[in-house]
């Protein structure tokens, strides 16, 4: 019953779990290993890879305590162009206040404990900007291992959990299923 009530609550929020505010909310700290270098290839016949822009995101993972239910928000700002800049923004947000990702934090969900984790990652997928009130109708398997963001869409939460269980035994900040309001967008052409 608690799971069903929490699911109804999470779905009823429809992207409105974030509200405009003056102060940031406290959040949990997470650390992952730095991205491993890519070994050079000796294959002279391999075609040159297409240029793909690397984007920096701050992922906010909101997990309802005692459940499998997670909401995710992907923040991106033009002023944040490196993982180091993102980490500086994250640390500022958790201590003194956001510089670039200002004005939004989780409102208190009365009677329902939750945990928020922020993680800076880089990825090649383009995700729509977060907008208040946008329906949460996307189910994602989010992978953030080695600070590399990979988002895989599924038809529903249970399909996502099945996909997660085929590759890992437990949900973690490195791999989790979540509901989101932001769509995966096609990559813009590189000039």
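In this note's numbering, the protein residues as written are 26 to 216.
Note that CB positions come from ideal geometry on N, CA and C, so glycine has one too.
C-alpha distance - residue 168 paired with residue 181, whole-angstrom precision: In the chain shown, residue 168 corresponds to position 143, counting from 1. In the chain shown, residue 181 corresponds to position 156, counting from 1. Computed Cα separation, rounded: 17 Å.
Residue 179 vs residue 201 beta-carbon contact at 8 Å: As a working note, residue 179 is residue 154 in the chain shown. As a working note, residue 201 is residue 176 in the chain shown. The answer is no: Cβ separation not under 8 Å.
Outcome for residue 191 when other beta-carbon atoms lying within 10 angstroms are tallied against a minimum of 16: As a first step, residue 191 is located in the chain shown; it is residue number 166 there, counting from the start. Label assigned to residue 191: exposed.
Assigned secondary structure, residue 117 (DSSP; H/G/I helix, E/B strand, else coil): Counting from 1 along the chain shown, the entry for residue 117 is found at position 92. Reduced to three states, the DSSP call for residue 117 is helix.
Contacting residues, own chain, Cβ-Cβ under 6 Å from residue 111 (five flanking each side not counted): Walking along the chain shown from the start, residue 111 turns up at place 86. Result list for residue 111: 81, 83, 105 and 145, in chain order.
Run of the beta strand (DSSP E) containing residue 193, from where it starts to where it stops: Position 168 of the chain shown, counting from 1, holds the residue named residue 193. Taken as a continuous stretch (DSSP letters only), residue 193 belongs to no beta strand (DSSP E), as it is neither H nor E.
Best match in 138, 116, 123 and 174 for proximity to residue 199 [C-alpha to C-alpha]: On the chain shown, residue 199 is found 174 positions in, with the first residue counted as 1. It is 174 whose Cα lies nearest to the Cα of residue 199.
Residue 95 - containing beta strand (DSSP E), residue span: To locate residue 95, count along the chain shown from 1; it is residue 70. Element bounds for residue 95: 95 to 100.
Check: residue 180 C-beta below 7 Å from any heavy atom of the ligand PLP: The ligand PLP is absent from the structure shown, which contains no ligand whatsoever.
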